[in-house]
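Participant: The structure is given below, and queries will be raised subsequently.
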Amino acid sequence: MPADYKSKNRIAPASGKIYDLTHADVNEHAVALPGGYPANTRALVIMASRQAGTGNFRIISVTGDTVGGLLISNQGTAVWIRSASGDFLYRLTAINDDWDIYSIGYLTGSI
5 MPADYKSKNR IAPASGKIYD LTHADVNEHA VALPGGYPAN TRALVIMASR
55 QAGTGNFRII SVTGDTVGGL LISNQGTAVW IRSASGDFLY RLTAINDDWD
105 IYSIGYLTGS I
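Using our numbering, read the sequence shown as starting at 5 and increasing by one per residue.
The following block contains the structure:
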């Protein structure tokens, strides 16, 4: 680990519901950085919880690979890396599912 690791990277705790997601399609979607988070936030540590429906919550990888990424089937935690556009990319695998996304923390600096 580089000696300057602590000066360039910060993991900070943050809690609370940040997104309530539901869509009438299974297309890729993007959400902006939640208000109150530093502009240099690079990733969110999240807990995703399905409130209704039968599908999955898929985090799209930062390379835009819709086959890759992380899949959460009912409830789970993940590190959600911000894309080059500055948004967080995702897809719901079933229409009209209802997902709540909670923040556990965030990472600033480079990954």
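All C-beta atoms, glycine included, are put in the ideal place defined by N, C-alpha and C.
On a predicted model such as this, the values are computed, not experimentally measured, just so you know.
1. Given a threshold of 16 other Cβ atoms within 10 Å of its Cβ, counted over all protein chains shown, does D101 qualify as buried or as exposed?
2. Could you give the uninterrupted runs of the alpha helix (DSSP H) lying entirely in the region 54-106, keeping only those of 4 residues or more?
3. Answer with buried or exposed for A16, where buried requires no fewer than 16 other C-beta atoms within 10 angstroms of its C-beta.
4. Please state whether the Cβ-Cβ distance between Y110 and A34 is less than 9 angstroms.
5. Are the beta-carbon atoms belonging to A52 and G90 less than 9 angstroms from one another?
6. Beta strand (DSSP E) containing H33: first to last residue?
Facilitator: This is what the structure holds:
1. The residue given as residue 101 occupies position 97 in the sequence shown. When all chains shown are included, D101 counts as buried.
2. Fully enclosed alpha helix (DSSP H) runs of 4 or longer: not present.
3. Taking the sequence shown and counting its residues from 1, the one referred to as residue 16 is at position 12. Exposed, since its Cβ has fewer than 16 Cβ neighbours within 10 Å.
4. As a working mapping, residue 110 is identified with position 106 in the sequence shown. As a working mapping, residue 34 is identified with position 30 in the sequence shown. No, the pair does not count as a contact, with Cβ atoms beyond the cut-off.
5. Locating residue 52 in the sequence shown gives position 48, where the first residue counts as 1. Locating residue 90 in the sequence shown gives position 86, where the first residue counts as 1. No Cβ-Cβ contact shorter than 9 angstroms links A52 with G90.
6. On the sequence shown, residue 33 is found 29 positions in, with the first residue counted as 1. Unbroken beta strand (DSSP E) run through H33: 32-35.
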